[in-house]
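Okay, structure first, notes after.
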Amino acid sequence: MSKLTLERGVSFPRRWGRAAVQLGGLQWSIDGKPLAFTLQEARPSLPKEGRHLTADLYYSVFQRRKDFYEDAGRDALRFLLGEDEWEEFPGRVPLLIGQCLHVECAVISAVIERQDDAVTWGQFHAHQPGPDVPGYPFPSTVTYTFDRKQHDSVLRAAQAQI
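Have a look at this one:
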């Protein structure tokens with residue numbers, strides 16, 4: 022099983038003639054590797070429109086900030102814990118967003134399956150807002166299964182900080 026953490030800051034190395042990207046805030050990491058980095062590596066499998074849409078979707082929806090981003094982070098944590106559902110995309114949970122830090126701009130979401138002892142994140146999609154807008158699916162190999170106690174303890178600790 023994989024191990025979920027929330028880590029401060031992520032650095033993406035210089036690529037394709039672009040400067041390195043240094044991100045602040047909290048980022049989802051899985052087995053010590055930022056989720057955003059894994060999904061950026063999978064971008065070439067998306068059609069051109071999907072690659073363009075996902076170019077800056079690095080930021081976790083959850084951030085420890087006392088401003089208007091707080092509600093989106095609180096909602097994402099509740100969705101991940103199975104306590105509520107995202108009305109715009111039922112069955113999906115927003116995980117990564119762009120620099121605007123708003124789910125409404127564009128988002129990478131996943132389907133979260135909760136079992137008695139495990140939680141699986143899979144079926145990652147990049148999409149713009151609106152249920153009628155088609156999403157761009159990432160490869161099905163991008164799937165993670167966590168021990169439910171470990172997963173939920175990370176989320177509960179994050180909830181306690183907002």
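Offset between the sequence shown (1-based) and this note's numbering: plus 21. By construction, the Cβ of each residue, glycine as well, lies at the ideal position given by its N, Cα and C atoms.
Exposure label - residue 127; buried when at least 16 CB within 10 Å: Answer is buried; the Cβ neighbour count reaches 16.
Would you check if the region 66-77 and the region 131-145 touch, i.e. whether three or more CB-CB distances between them fall below 8 Å? The answer is no - the region 66-77 does not touch the region 131-145, with fewer than three Cβ pairs under 8 Å.
From 165, 47 and 150, pick the residue whose C-alpha is nearest to that of residue 183; which is it? Taking only the C-alpha atoms, the option nearest residue 183 is 47.
Using only the alpha-carbon positions, how far apart do residue 123 and residue 97 sit? Within the model, the alpha-carbon separation for residue 123 versus residue 97 is close to 12 Å.
Three-way DSSP call (helix, strand, coil) for residue 136 in this model: Coil, per DSSP.
Tell whether a beta-carbon distance below 7 Å holds between residue 101 and residue 176. Yes, they are a contact pair.
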